[in-house]
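Counting from 1282, one number per residue, gives the positions in the sequence shown under our numbering.
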Amino acid sequence: MYTIANIRPLGYNVGNHAINFALRHMLYETFGRLVSVIEYPATSKHESTTKAGLSAGTVHEINRFADGVIVGGGNLYENDEIAVDPRALAALQPPLMLFSNSRGRIYDRHGNLSDRSDVIPDSKLATLLGRADISLSRDTATHDYLSKINARDQLGWCPTINMNRYAGNLPSLPENEDAGALISVRTPGLMNVPYLFQSRIQLDIERAIDALRDAGHKRIRILCNDSRDLDFATAFRYTKQVDSVYTNDVYQYLSLLKSASMVVSYRLHATLPAISFGTPTVNIVYDERAMSLFDDLGLTPATLNMVELGTGFADTLAATISKGGYTAQDHVGLAPDWTAKGAEQFAQFARFKDMMQQYLERAGRDG
């Protein structure tokens, strides 16, 4: 039995757990058996723990029992939510994979893409890349940036493109549950767009609700990826008689996306699972990390950029809903490319497995 330490964002967002769901099942498939995956939060900012990230305490523990370390996936570079102690990292013994992490810019008040104020420092990236045995960035924007620091970085995409491969592992929804149409939201205050656009979001969503009703969707709900979205989502109970739904159970979350009649999504990790499952999807973006990944996956023509569309966004959103969104039939042309990208991911995991085996063999000889 292999043991892998997975350092990842734990936080509030069930989308991070969707990434981890896909990652775990890909590991089980690669190794041909269950693998012991021990999770550590990437940062202690959101956790009441002293062991997080690649700190001295974490690395000491990992060296005692882990055969490999995977950092990711998530937005760990974008908002510097990975703790790294350079001295501890230098002492890390098992092989290290950086997998499906992103570093993207956001729109500033002038409508230009700019670095976040909390972006990971280049010096920390250099330290991580210098120690990593494999580095696979989630999108081209991240890969291009990291490649200037260390040429070993490669493009790795997101494991959720393989989600439908594991649909059989999901539970059925409760007998009387009707998923209906879901609008996957992010509370505007946490969206890194100028206030001009934040101030329109409630009206945009109300317009989407009207369009869904006009298209014949009988049940419509606001899907919250994060408990912090609930306060905003509750507003639609009063303005449009639409309830919200939230679960931090990733299995139920994915089952909802799979069973929905349509998903209108402001959330990257609602969009990708929904498309993989074949659920009709309307995909909304507002930052570089999402734009870059969707472009890598061939989805730019099926993406609505709320900043670039400006005052025309609401009309375009309603029209896209009325046309049925991006469907399984629309995805037929891209499916072979997604399958090929998934195969490349599996090849990298197989490579990592070989590194782990070599590490154990060396340790056995040295011992």
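Note that the Cβ used here is the ideal one computed from N, Cα and C, for glycine as well. What you are looking at is a predicted structure, and each value in this text was computed from that prediction instead of being measured.
Proximal residues to residue i (C-beta, below 7 Å), its chain only, five neighbours per side dropped
i, result
"G1437", "F1380, S1381, L1417, S1418, R1419, Q1626 and Q1629"
"G1579", "L1615 and D1618"
"K1539", "A1448, L1451, F1558 and T1560"
"Y1426", "R1384"
"T1520", "E1487"
"L1641", "D1348"
"N1529", "V1295"
Own chain partners of residue i with C-beta closer than 6 Å, once the 5 adjacent residues on each side are dropped
i, result
"L1590", "T1597"
"M1636", "P1376 and D1414"
"M1444", "A1303, P1554 and S1557"
"R1488", "A1595 and A1599"
"M1543", "A1462, P1561 and G1606"
"H1498", "A1462 and S1542"
"E1421", "The residue you asked about is not Glu; residue 1421 is Thr in the sequence shown. The residues are S1573 and D1577."
"V1352", "I1288 and L1379"
Run of the alpha helix (DSSP H) containing residue i, from where it starts to where it stops
i, result
"Y1527", "Unbroken run through Y1527 is the beta strand (DSSP E), D1524 to Y1527; no alpha helix (DSSP H)."
"V1566", "Unbroken run through V1566 is the beta strand (DSSP E), T1562 to V1566; no alpha helix (DSSP H)."
"E1458", "That residue, E1458, is in no alpha helix (DSSP H); it is neither H nor E in DSSP."
"L1538", "V1531 to S1540"
"R1518", "L1511 to T1520"
"L1549", "L1549 to F1558"
Three-state secondary structure (DSSP) of residue i
i, result
"M1444", "helix"
"S1416", "strand"
"T1584", "strand"
"N1450", "helix"
"V1352", "strand"
"L1578", "coil"
"A1333", "coil"
"Y1426", "helix"
"Y1607", "strand"
"A1286", "strand"
"L1410", "helix"
"L1615", "coil"
Element boundaries [beta strand (DSSP E), containing residue i]
i, result
"M1543", "M1543 to S1546"
Integer-rounded CB distance, given that residue j should sit under 8 Å from residue i
i, j, result
"L1537", "A1460", "5 Å"
"R1502", "V1526", "5 Å"
"G1354", "I1300", "5 Å"
"V1350", "A1286", "5 Å"
"V1588", "F1575", "Rounded, the Cβ-Cβ distance is 14 Å, inconsistent with contact."
"I1464", "V1545", "5 Å"
"S1603", "D1495", "7 Å"
"A1680", "S1398", "No answer is possible for residue 1680: the residues shown for the chain start at 1282 and end at 1648."
"R1548", "N1506", "5 Å"
Cβ-heavy atom distance, residue i to the ligand GDP, below 7 Å
i, result
"D1507", "Absence of the ligand GDP is noted for the structure shown, with no ligands found whatsoever."
Neighbourhood of residue i by C-beta, 8 Å cutoff - its chain only, sequence neighbours within 5 removed
i, result
"V1400", "Y1358, E1359, N1360, D1361 and R1384"
"A1631", "T1311"
"R1509", "Y1293, T1468 and L1471"
"D1611", "A1583"
"A1516", "Q1483"
If you scan the stretch 1358-1396 from start to end, which runs of the beta strand (DSSP E) of 3 or more residues do you find wholly inside it? 1377-1382
Quick check for students: name the residue ranges of the beta strand (DSSP E) that lie wholly in the stretch 1462-1502, counting only runs of 3 or more. 1462-1466
Ignoring anything shorter than 4 residues or poking outside the stretch 1290-1330, list the alpha helix (DSSP H) runs there in chain order. 1295-1312
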